[in-house]
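In this note's numbering, the protein residues as written are 3 to 282.
No residue lacks a Cβ here, since even glycine has one placed at the ideal position from N, Cα and C.
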């Protein structure tokens with residue numbers, strides 16, 4: 003029997019593992035690049051951003067050292083708490099002395115942060131204190147060139163429990179600790195409420211009511227219809243003048259209101275008394 007010699011061809015080369023290996027190598031290289039190059043960029047940016055925010059609004063314990071600082075608060079008095087960008091009131095202090103209180107006219111408005119920062123910059127405020135400032139608020143405060151401080155709690159605790167209104171001897175509104183409303187002229191008292199036991203308002207032209215006294219008795223209560231006008235100081239002074247008011251008593255005073263009162267011939271007094279009790 004003859005042997006048959008046969009030749010078997012070799013099996014075709016399987017290239018699939020090779021392609022898989024190449025793909026795996028490419029994936030590994032891409033991942034390595036992301037880890038080495040891309041992630042550090044995002045990571046460093048995030049860290050710098052956080053540090054910037056912390057630096058912009060550090061905490062502070064005593065606010066008496068500031069020449070002119072604005073506080074965002076939930077009320078107009080010393081016992082109010084510090085608030086955030088949605089505060090109802092803005093109080094301004096100079097070296098621990100309350101010099102101005104105003105309602106937050108930009109509450110719930112679009113871009114309120116920018117508007118608040120702009121107004122405070124125009125008033126010459128060099129610092130602002132508020133609680134939990136938002137990123138946008140921090141940004142707008144920084145753009146306005148105002149220093150930002152993050153604080154919380156009652157306002158009086160931030161001034162070492164020593165708060166007095168500044169007594170400028172050259173101011174038109176003279177400080178008067180004790181006064182008697184039984185005088186010959188009509189007296190207007192700025193107030194947040196009605197009646198003989200009303201609390202004297204520190205909001206000047208933005209006070210909601212004026213109680214009018216004559217010979218120690220309330221003869222009329224005026225609702226302040228000008229408090230939301232463009233120039234409330236001028237309109238309120240004109241309103242009181244037209245009512246025959248010759249004297250006004252306010253909680254604190256501000257230069258703009260003093261100018262308008264003087265133009266209308268209204269004598270102005272300011273008092274630190276919390277309330278007035280008119281003698282019978």
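8 angstroms or more divides the Cβ of residue 139 from the Cβ of residue 111.
Its Cα nearest to that of residue 232, the residue 208 stands out among 208, 68, 219. Taking 8 angstroms as the cut-off, the Cβ atoms of residue 73 and residue 119 do not count as close. For residue 240, the enclosing alpha helix (DSSP H) stretches over residues 234 to 244. Taken through DSSP and simplified to helix, strand or coil, residue 212 comes out as strand. Counting C-beta atoms within 10 angstroms of its own C-beta, residue 235 has 16 or more neighbours from the protein chains shown and is therefore classed as buried.
With respect to the C-alpha of residue 247, the residue from 222, 99, 60 having the closest C-alpha is 222.
Residue 122: not part of any beta strand (DSSP E); member of the alpha helix (DSSP H) spanning 114 to 124, first to last residue. Here residue 158 carries a helix assignment [DSSP, helix/strand/coil]. The C-beta distance from residue 212 to residue 190 rounds to 5 angstroms, short enough to meet the 8 angstroms contact threshold. Going by DSSP, residue 265 is part of the alpha helix (DSSP H) stretching over 257 to 265. Approximately 6 angstroms separates the beta-carbon atoms of residue 92 and residue 106; this is inside 8 angstroms, confirming the contact. Look at residue 83 here: in three-state DSSP terms it is strand. For the pair residue 256 and residue 101, the Cα-to-Cα distance works out to about 7 angstroms.
The residues 249, in chain order, have a CB closer than 6 angstroms to that of residue 269 in the same chain once the five nearest residues on each side in sequence are set aside. In this structure, DSSP gives residue 206 a helical state, which the three-state scheme calls helix. In the three-state scheme derived from DSSP, where H, G and I count as helix and E and B as strand, residue 31 is classed as helix. For the 8 angstroms CB-CB criterion, residue 82 and residue 88 do not form a contact. Taking a 10 Å sphere around the C-beta of residue 202, we find 16 or more other C-beta atoms and assign the residue as buried. Listed in chain order, the non-local C-beta contacts of residue 178 below 6 angstroms within the same chain comprise 271, 273, local neighbours out to five positions each way being set aside.
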